[in-house]
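Beneath this line is the structure, given in structure tokens, with notes to follow.
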Amino acid sequence: MNAWHAAHDGVWSEWAPPGARGRAYVAHWLARQKDLVAKYRPDLVYFDNYGLPLGQAGIEATADYYSRAIEWHGAPDVVVTGKQLSPYQLYGIVEDVERGFARDIRPHAWQTDTCIGSWFYDRPLAERHGYKSAKQVVQRLCDVVSKNGNLLLSVPLKADGTHDADEMQILADLASWFAVNGDGIYGTRPWRVFGEGPNVPPTGMQSEAEMKPYTAQDVRITASGGGLNLFLLDTPDGELRIACLGRGIARGTIERITLNGGGAVAFVQEEDALRLTLPPLAAGRFVPGLRIEGSGLA
């Protein structure tokens, strides 16, 4: 090991070693990246880097990926991510906020990534049943999507390539939730406001530990099909008052509210707030989603 490698052993580095060895490393990395894209045609390339990796090589790899996507699909409808991007970089790739949050709607599409546990299969965590619940995952998802983001979720595999029983139950619970509420997530856009509530998330990457539990007053909104999708991040006990859906702020008239997977929801839209009362939820239901229709809402 030479002096440079000895000084950087175990250190996160965004750059290749200097000299001929570094140039050879970069050339090899670029060839492997292009080969991976050509063979597997991924929809997303996740670079765990601040910006693009390895200077010009990262730019060349991204350009190659976008060019291939045009050949495959007729448009560069694929995603490349990087972290802590400049405003200029946001026009070319998507910012990833690892295990982080946004406080408001971002003008550019963005992504956060998290895991139900650790980034690897953590046996002690599994044995003490310490994973994020499906409810916690969905709460996070609704918050992210309402703010123009996407959530990339990791569910680690055991050494034999399988999931444990707790992970399988979480996946089953997520599948059940999406079967009822998926239309309020997929293909939607942010509304005028993301929603409201007392829980103000921390900013920056790696901030999950600072996040407080969501409450029934924390609501999130997406828009689709000329109407709105409302998600209650916890189930209210009695009547719920939502200021941002009053006539004065919403600038529209609500005519119908329906509980996804259920029936009509009783409501009153006043000038300063929407007041609604949920019907009883089925056992095991969490983060109820509602469809709102009316005039002037979208």
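Numbering (our numbering), first residue to last: 900 to 1197. In this text, a Cβ means the ideal position worked out from N, Cα and C, and glycines have one as well.
Beta-carbon proximity check, residue i vs residue j, cutoff 8 angstroms
i, j, result
"residue 975", "residue 987", "no"
"residue 1145", "residue 1195", "no"
"residue 1180", "residue 1156", "no"
"residue 1045", "residue 1120", "yes"
"residue 1122", "residue 1069", "no"
Residue i versus residue j - alpha carbon distance
i, j, result
"residue 1132", "residue 1042", "9 angstroms"
"residue 1141", "residue 960", "47 angstroms"
"residue 1037", "residue 1172", "25 angstroms"
"residue 1093", "residue 1163", "23 angstroms"
"residue 1000", "residue 1105", "9 angstroms"
"residue 1109", "residue 1101", "7 angstroms"
"residue 845", "residue 958", "Residue 845 is absent from the model: the chain starts at 900 and stops at 1197."
"residue 963", "residue 941", "13 angstroms"
"residue 1088", "residue 1025", "36 angstroms"
"residue 1019", "residue 1055", "6 angstroms"
Local Cβ density within 10 Å of residue i, reported as buried at 16 or more and exposed below that
i, result
"residue 946", "buried"
"residue 1112", "exposed"
"residue 953", "buried"
"residue 992", "buried"
"residue 981", "buried"
"residue 1099", "exposed"
From the options, residue whose alpha carbon lies closest to that of residue i
i, options, result
"residue 1016", "1057, 938, 1007 and 1155", "1057"
"residue 1138", "1121, 1038, 1039 and 1116", "1116"
"residue 1125", "1053, 1069, 937 and 1082", "1082"
"residue 1128", "953, 1085 and 1028", "1085"
"residue 1130", "1032, 1077, 1108 and 1101", "1077"
"residue 914", "950, 1097, 995 and 1189", "950"
"residue 1187", "1167, 1114, 1168 and 1149", "1114"
Jot down the residue ranges of each uninterrupted beta strand (DSSP E) in the stretch 972-1053, minimum 3 residues, whole runs only, in chain order. Runs of the beta strand (DSSP E) inside the stretch 972-1053: 978-982, 993-997, 1009-1014 and 1048-1053.
In chain order, which beta strand (DSSP E) runs of at least 3 residues are fully inside the stretch 1116-1196? Counting only runs that start and end inside the stretch 1116-1196, the beta strand (DSSP E) elements of at least 3 residues fall at 1118-1123, 1126-1131, 1139-1141, 1152-1158, 1165-1168, 1173-1176 and 1188-1194.
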